[in-house]
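**Q**
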Amino acid sequence: MLQALSGPLSYPSTSQERQMKKTILSTLAATTLVVAASAQAVSFKKPEDAVKYRQSTFSVMATHFGDIGAMVKGDKPFDAKVAAANADIVATLSALPWAAFGPGTEGGKAKPAIWKEMDKVKAGADEFQKAAAALKTAAASGNLDNIKKAFAATQKTCKSCHDSYKDK
Ligand code: ASC
């Protein structure tokens, strides 16, 4: 079998081997497509759809993040279950908006610098996702002090990107 795969300079000697090589190569190609598709879980018909999508996901995150914020600040009573449910949603949604900043989707309050500094944006998005995952862990523990720290750390990652890349 390895012989059948050993590259363009090998000549499969039987039709059975040629068939095997074809099968293996087409399986590899299919695997590559699935991996590519899972890295880009969403696609858009129009740039405006991408803008709407990212704004919507940020908006839902802000609502649930803000609810934790209200508890952290003492504006509403702390309810560990509600905080955990909110943090769970924030952590899940934290993965979503980034695929909607594809080439040619400038718009909304996003500064054009985003498309010139995509590596930095992606790094910031990773920091945010890590912080959101840590907030989820803290909220699951039900310890308000831990939640306060993790909330502040997460908020810092929001702010750092907004300061650089979001119009007021
Ligand atoms: C929030 C929220 C944001 C960030 C940002 C941090 O609670 O909705 O977008 O914190 O204001 O500066």
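Reminder that position 83 of the sequence shown reads as 264 in my numbering, one-by-one numbering, no gaps. For every residue, glycine included, the Cβ atom is placed at its ideal position computed from N, Cα and C. All values reported here derive from a predicted model rather than from experimental measurement.
(1) Is Phe309 near the ligand ASC, judged by its Cβ being under 6 Å from some heavy atom?
(2) Could you tell me if Thr244 is buried or exposed, where buried requires 16 or more neighbouring beta carbons within 10 angstroms of its beta carbon?
(3) Starting from Trp250, follow the alpha helix (DSSP H) in both directions and report where the run begins and ends.
(4) Using DSSP with H/G/I as helix, E/B as strand and the rest coil, what is Thr212?
(5) Per DSSP, Lys368 is paired with what?
(6) Check each candidate in Ala321, Lys303, Gly323 and Phe259 and name the one with the smallest Cα separation from Cys339.
(7) Around the C-beta of Val253, are 16 or more other C-beta atoms found within 10 angstroms, so that it is buried, or is it exposed?
(8) Does at least one heavy atom of the ligand ASC sit under 6 Å from the Cβ of Phe332?
(9) Of all the options Leu277, Val223 and Lys311, which has the alpha carbon lying nearest to the alpha carbon of Ala334?
(10) Residues in its own chain within less than 7 Å of Lys257 by CB, not counting five upstream and five downstream?
(11) Can you give the Cα-Cα distance for Asn267 and Ala321, rounded to whole angstroms?
(12) Do you know how far the Cα of Ala222 is from the Cα of Leu214?
(13) If we ignore side chains and look at the alpha-carbon of each, how far apart do Trp296 and Tyr346 end up?
**A** According to the data block:
(1) no
(2) exposed
(3) One point to set straight first is that residue 250 is Gly, not Trp, in the sequence displayed. Pro228 to Lys254 is the span of the alpha helix (DSSP H), which, as asked, contains Gly250.
(4) Because Thr212 carries a pLDDT of 43, less than 50, the predicted location of this residue cannot be relied on, and no value is offered for it.
(5) Here the chain has residues from 182 to 349 only, and residue 368 is not among them.
(6) Lys303
(7) buried
(8) no
(9) Lys311
(10) Ala251
(11) 10 Å
(12) Residue confidence is low: Leu214 scores 37 on pLDDT, short of 50, so the model does not pin down where it sits. Its coordinate-derived value is still stated next. One C-alpha to the other measures close to 12 Å.
(13) 10 Å
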